[in-house]
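Q: Take a look at this one; I'll ask things after.
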Amino acid sequence: MPESLPEDVADVLGLVLNSDEPIHVPLRRQVPRLRVRSRCTCGCGTAYFDLDADALEPAPTGPGTVVAADVQLFTETGECPGEVLVFARGGYLSWLEVCSWSDDVEVNLSAARRRLQPSS
């Protein structure tokens, strides 16, 4: 059974889907209606979504699966240990993927959330 959208997933989607990008505007409107269908079991934080598409406008991404947003993650030293990808299928949010390229630097949804937060 799908679960409500966890705060960490909602936060990262909010940080990755830029409100200045026209294609991201309808995707951002979908976030409050998302439910998590499943999550990766390795601990990375990747989440797969369910969405009532009939109640929402699709983003103009085309009919297939596309990377709707991608943001590289950087450490304080400038190293890039991974990235966050947001996929859309047929104009609707489909999944959020956390990718790690490092054996030395922790890359998961919590770390991505910290690295994506604007500096105060």
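Counting from 1, one number per residue, gives the positions in the sequence shown under UniProt numbering. Ideal Cβ positions, reconstructed from N, Cα and C, are used throughout, including at glycine.
1. By Cβ distance below 6 angstroms, which residues in the same chain neighbour Val-66 in space, the five residues on each side in sequence not counted?
2. Look up Gly-96 in the DSSP assignment and say whether it is helix, strand or coil.
3. If you draw a straight line from the alpha carbon of Pro-81 to that of Glu-7, how long is it in whole angstroms?
4. Leaving out five residues on either side along the sequence, give the residues of the same chain with a beta carbon under 7 angstroms from the beta carbon of Asp-52.
5. Taking 9 angstroms as the CB-CB cut-off, is Val-9 touching chain C?
A: Concretely, from the data shown:
1. Ala-88
2. In the sequence on display, residue 96 carries Leu and not Gly. Leu-96: strand per DSSP, three-state reduction.
3. 23 angstroms
4. Arg-33
5. Note that chain C does not occur in the displayed structure, where there is just one protein chain.
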